[in-house]
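Residues in the sequence shown are numbered from 1 upward in steps of one, following UniProt numbering.
A quick write-up on the structure given underneath.
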Amino acid sequence: MADKIRIGVLGASGYTGADLVRLAARHPAMEIAVLTANSHAGKPMRDVFQHLSHIELPDLVTIEDAPWNEVDAVFCGLPHGTTQAITKEIFEKHPQTKIIDMSADFRLRDPAVYKEWYGLDHMATDIQGEAVYGLTELYRDAIREARLIACPGCYPTAVLLALVPLAKAAMIDASDIVIDAKSGVSGAGRSLKENTLFCEAGEGLSPYAVGKHRHMAEIEQEIGTAAGVPDLRVNFTPHLIPMSRGELCTSYVRLADGASARDLRHHLLETYAGEPFVTVADEDVLPRTQMVRGSNYVVVNVVPDRIPGRAIVISTLDNLVKGSAGQAIQNFNVAYGIDETTGIEQLPLFP
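Next up, the structure:
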């Protein structure tokens with residue numbers, strides 16, 4: 001492609017930023033022009049991530065020194081609370097630039113809900129209304145026209161792709177959902193935390209943020225919207241599992257009158273027919289993280305519960321790809337009118 005789209009990556013020294021760079025480096029329509037990482041500014045990217053030493057990349061710079069006027073699209077991989085100010089500045093000073101945010105700062109439509117869950121006043125409420133929730137399969141048409149795309153969290157992506165079609169079709173009781181979720185350690189980010197040390201996380205399984213995980217707000221927002229249930233509440237418990245990447249969510253749902261688990265599965269098959277990255281597994285196949293590792297795929301399936309009137313919906317994805325960087329590139333492709341699968345066609349790694 002003669003005229004490539006120049007991109008910048010905010011927070012390129014994190015796991016999400018690194019996976020974005022890994023995928024973008026082989027994207028035929030992208031040129032990586034700017035990489036920021038304040039704590040590693042001045043270093044070559046290969047010094048921070050040696051697995052990227054095979055390719056030529058710009059050196060890391062501070063956010064303040066980044067030439068945003070030289071990029072067409074910015075991917076934000078910063079922690080929540082740190083994205084808003086720089087996003088607002090880029091949005092206002094560079095009106096031709098598209099922003100694809102992988103943080104949580106623009107996912108929640110109500111700033112009061114954002115403050116409730118994240119403990120911070122939202123500093124960019126004047127552009128919050130411009131943000132489109134970036135779950136590609138559900139908001140593709142809006143993403144095509146958006147300048148600010150708020151990519152979902154990894155847990156919401158897995159849960160919502162499995163449950164939103166069922167809630168929207170009134171096939172399940174949206175007020176009675178129990179979600180058991182498990183994620184690899186990379187979901188906690190690259191900064192040093194005691195609970196992700198090898199001796200703390202290895203050879204064990206541990207729940208965290210029980211009853212208060214911030215991704216609950218996204219899940220409730222989107223399922224509530226689909227079901228027409230304001231102030232929806234779900235039961236969601238995440239667990240840390242000792243592997244680098246991957247995520248599996250098991251959702252227990254109450255069936256609407258007359259619906260069966262087979263009906264739910266058939267509806268998901270109809271919903272995702274033709275979707276490049278969502279696979280409904282064969283009837284007797286249970287989704288496993290090994291089916292999606294390193295890829296942008298999501299695998300879902302529905303199993304009858306032994307309790308009458310209930311079903312179990314299982315979904316799995318790679319938290320760094322479809323759960324973050326891969327979905328961001330999928331949204332980039334949609335926003336720029338590029339074939340949606342470009343740059344993210346990789347099949348899962350196995351074993």
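We put the CB at the ideal spot given by N, CA and C, even for glycine.
(message) What does the Cβ neighbour count give for Thr341, buried or exposed, with the cut at 16 atoms within 10 Å?
(response) exposed
(message) Comparing C-alpha positions only, which one of Ser175, Ser186 and Leu197 sits nearest to Val229?
(response) Ser175
(request) Give the C-beta separation of Ala311 and Asp318 to the nearest angstrom, bearing in mind that I take them to be a contact with Cβ-Cβ under 8 angstroms. (result) In fact, because the Cβ distance is near 25 angstroms, the residues do not count as touching under 8 angstroms.
(request) With a floor of 4 residues, list each alpha helix (DSSP H) that falls wholly inside the segment 167-252, ordered by position along the chain. (result) 198-201 and 215-227
(request) Give the DSSP bridge partners of residue 358, in chain order. (result) With the chain running from 1 to 351 in the structure shown, residue 358 is simply not present.
(message) On the DSSP letters alone, give me the boundaries of the beta strand (DSSP E) that Phe75 sits inside.
(response) Ala73 to Cys76
(message) Is the separation between the beta-carbon of Leu160 and that of His267 shorter than 8 angstroms?
(response) no
(message) With H, G and I counted as helix, E and B as strand and the rest as coil, what does DSSP make of Val159?
(response) helix
(request) Would you tell me roughly how many angstroms separate the C-alpha atoms of Tyr252 and Ile55, rounded to the nearest one? (result) 45 angstroms
(message) As a quick exercise: from Asn235, Leu60 and Ile100, pick the residue whose alpha carbon is nearest that of Ala73.
(response) Ile100
(message) Do Val278 and Val313 count as a contact pair if the criterion is CB distance below 8 angstroms?
(response) no
(message) With H, G and I counted as helix, E and B as strand and the rest as coil, what does DSSP make of Met1?
(response) Unreliable placement is indicated for Met1, whose pLDDT of 48 sits below 50; no coordinate value is reported for it.
(request) In angstroms with no decimal places, state the Cα-to-Cα distance between Ala217 and Asp47. (result) 37 angstroms
(message) Does Leu60 come out as helix, strand or coil in the three-state DSSP assignment?
(response) strand
(request) May I ask which residues mark the beginning and end of the alpha helix (DSSP H) holding Ala335? (result) Gly326 to Ala335
(request) Could you tell me whether the segment 38-47 touches the segment 138-148, where touching means 3 or more Cβ pairs closer than 8 angstroms? (result) no
(request) Closer than 7 angstroms by C-beta to Asp339: which residues in its own chain qualify, once you throw out the five before and the five after it? Chain order, please. (result) Asn333
(request) Measure the C-alpha to C-alpha separation of Met1 and Leu10 and round it to an integer number of angstroms. (result) Here Met1 scores only 48 on pLDDT, less than 50, and its place in the model should not be relied on; the value that follows carries that caveat. Distance between the alpha carbons of Met1 and Leu10 is about 24 angstroms.
(message) On the DSSP letters alone, give me the boundaries of the beta strand (DSSP E) that Val132 sits inside.
(response) Ala131 to Tyr133
(message) Assuming contact is defined by CB atoms lying nearer than 8 angstroms, are Pro245 and Ser206 in contact in what I supplied?
(response) One point to set straight first is that residue 245 is Arg, not Pro, in the sequence displayed. Cβ atoms of Arg245 and Ser206: not closer than 8 angstroms.
(message) In whole angstroms, give me the CA-to-CA distance for Gly224 and Thr82.
(response) 28 angstroms
(message) What does the Cβ neighbour count give for Asp19, buried or exposed, with the cut at 16 atoms within 10 Å?
(response) buried
(message) Only counting the same chain, and skipping five residues up and downstream in sequence, which positions put a Cβ closer than 7 angstroms to that of Ala169?
(response) His267
(request) Quick one: residues in its chain with C-beta nearer than 7 angstroms to the C-beta of Ala66, no 5 flanking neighbours on either side, listed in chain order? (result) Gly8, Val34 and Thr36
(request) Name the one or two DSSP bridge partners that Met30 has. (result) Ile5
(message) Looking only at its chain, what residues have a beta carbon closer than 7 angstroms to the beta carbon of Ala226, apart from the 5 residues adjacent to it on each side?
(response) Val164, Ala167 and Lys168
(message) Give me, in chain order, the residues of the same chain whose beta-carbon lies closer than 6 angstroms to that of Arg214; leave out the 5 immediate sequence neighbours on both sides.
(response) Trp117
(message) Is the beta carbon of Met123 closer than 8 angstroms to that of Ala162?
(response) no
(message) For Gly343, which residues in the same chain have their Cβ closer than 8 angstroms to its Cβ, ignoring the five residues on either side in sequence?
(response) Leu23, Ala24, Arg26, His27, Pro28, Ala29, Met30, Ile329 and Asn333
(message) Between the alpha carbons of Asn235 and Asp3, how many angstroms are there, rounded?
(response) 48 angstroms
(message) Taking only three categories from DSSP, how would you classify Val164?
(response) helix
(request) For Pro254, name the three-state secondary structure that DSSP assigns. (result) Correcting the residue type first, residue 254 is Arg in the shown sequence and not Pro. In the structure shown, Arg254 sits in a strand (DSSP, three-state: E or B).
(request) Let me know if Tyr208 comes out buried or exposed under the rule of 16 or more other beta-carbons within 10 Å of its beta-carbon. (result) exposed
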